[in-house]
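Engineer: This is the structure I want to talk about, given as structure tokens.
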Amino acid sequence: MQLSYRGVKYNTTNPTVEVTETQEIGQYRGATYHVRRAVNATAQKMTDVLKYRGAIVH
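Using numbering that gives the first Met the number 0, you'd call the opening residue of the sequence shown number 0 and step up by one each time.
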């Protein structure tokens, strides 16, 4: 997906998450749904260097 902020364009990547449907049933605003859980939830490492007003942020 291509986004832009103050005229600077950049691309983002959405992480894919493997999920499995459980036997649990939930309800939200009158609609029922089956609860899905992530199979292996791991934290995603940051690969890009962050800058704020020209300074590198760690």
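Cβ atoms here follow ideal geometry from the backbone N, Cα and C, with glycine treated the same way. Since the structure is predicted, the reported quantities are computational estimates derived from the model, not experimental observations.
Tell me which same chain residues have a C-beta within less than 6 Å of the C-beta of arginine 35, skipping the five on either side of it?
Structural biologist: So the qualifying residues of the chain are Val18 and Glu20.
Engineer: Going by Cα to Cα distance, which pick from Asp47, Ile24 and Gly29 is closest to asparagine 10?
Structural biologist: The option with the nearest alpha carbon to asparagine 10 is Asp47.
Engineer: How is glutamate 20 classed by DSSP in three states: helix, strand or coil?
Structural biologist: Here glutamate 20 sits in strand by DSSP.
Engineer: So, with DSSP's three-state summary, where would you put lysine 44?
Structural biologist: Coil, per DSSP.
Engineer: Taking DSSP as the reference, what is the three-state secondary structure of threonine 31?
Structural biologist: Looking at threonine 31 - three-state DSSP - the assignment turns out to be strand.
Engineer: Just to confirm my understanding: we take glutamine 22, look at its own chain, exclude 5 residues before and 5 after, and list those with CB closer than 6 Å. What are they?
Structural biologist: Excluding sequence neighbours, glutamine 22 sits near nothing in its chain.
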